[in-house]
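Engineer: Numbering (our numbering), first residue to last: 1321 to 1423. Heads up, the beta-carbon is just placed ideally off N, CA and C, and yes, glycines get one too.
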Amino acid sequence: MQIPFESVAGLRSDPSAFQLPKASATEQTGSVPFSQVFRDAIGNVNESQNLATQTVDRMLAGENVGIQEVSLQIAQADLSFRFLMEVRDRAITAYQEVMRTQM
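#1: Quick one: measure Cβ to Cβ for Met1379 and Val1390, integer angstroms, because I've assumed they're closer than 8 Å.
#2: Which value, in whole angstroms, describes the spacing of the CA atoms of Glu1417 and Ala1411?
#3: Check whether the Cβ atoms of Ser1355 and Ser1400 lie closer than 7 Å to each other.
#4: How big is the Cα-Cα spacing for Gly1386 and Ile1394?
#5: Determine the closest residue to Leu1404 out of Gly1363, Gln1388, Thr1375 and Pro1353, with distance taken between C-alpha atoms.
#6: Can you give the Cα-Cα distance for Asp1360 and Ala1381, rounded to whole angstroms?
#7: State the Cα-Cα distance for the pair Thr1413 and Gln1374, rounded to the nearest angstrom.
#8: Determine the DSSP secondary structure at Gln1422, reduced to helix, strand or coil.
This is the structure we're talking about:
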């Protein structure tokens, strides 16, 4: 299948169509502190692990909870914890790299 050149020729004529919109002043000043991002992430991981623990406890108590649901909750908690540890490791590596930088 060939695309006629006439159909794509107009794409290059307007370069502003490919530019990203600029952030407004309110978006720049309304940012979340870096430490708050980590606090929220830790809170989400903690919530995920608590939910997995509650699901396991409900299954062990004899409630109608399937093994699939338990496995899914545990896998989600594990994945979110691993992701948080990877982010932490990369943040520490970046910090150490900045500290090694000569002034």
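Structural biologist: Considering the structure as presented:
#1: 5 Å
#2: 10 Å
#3: Here Ser1355 is not near Ser1400, since their CB atoms are 7 Å or more apart.
#4: 13 Å
#5: Gly1363
#6: 31 Å
#7: 35 Å
#8: coil
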